[in-house]
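Worksheet: one structure, shown below.
In the numbering used here, the protein residues as written are 35 to 118.
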């Protein structure tokens with residue numbers, strides 16, 4: 035039996051992300067810098083990379099849950115993701 039593993043990524047990945055964005059557009063997420071608005075969504079990569087690491091550690095059969103959509107000062111996203 036394999037022991038469960040917990041990956042924790044900390045950052046403020048981007049604004050206005052939805053469940054289907056992560057699960058249906060993985061290739062685009064990996065090449066996000068090519069999008070013309072990438073600098074607005076993730077101005078610097080250190081906040082975005084933890085999301086990519088956790089996405090890569092998840093299995094295709096894992097279900098994605100977005101469990102916190104809280105914003106600080108109306109613009110700082112505290113969005114939290116859980117794969118199970």
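Where is the CB? At the ideal position from N, CA and C, for every residue including glycine.
Item: Residue 99 by DSSP, collapsed to three states: which one?; Value: strand
Item: Which residues in the same chain as residue 99 place their Cβ atom closer than 6 Å to its Cβ, once the five residues preceding and following it in sequence are excluded?; Value: 116
Item: On the premise that residue 72 lies in contact with residue 41, defined as a C-beta separation below 8 Å, what is that separation, rounded to the nearest angstrom?; Value: Going by Cβ atoms, the distance from residue 41 to residue 72 rounds to 24 Å, so no, they are not a contact pair.
Item: Cα separation between residue 89 and residue 106?; Value: 24 Å
Item: Quick check: the Cα distance between residue 96 and residue 103, rounded to an integer number of angstroms?; Value: 20 Å
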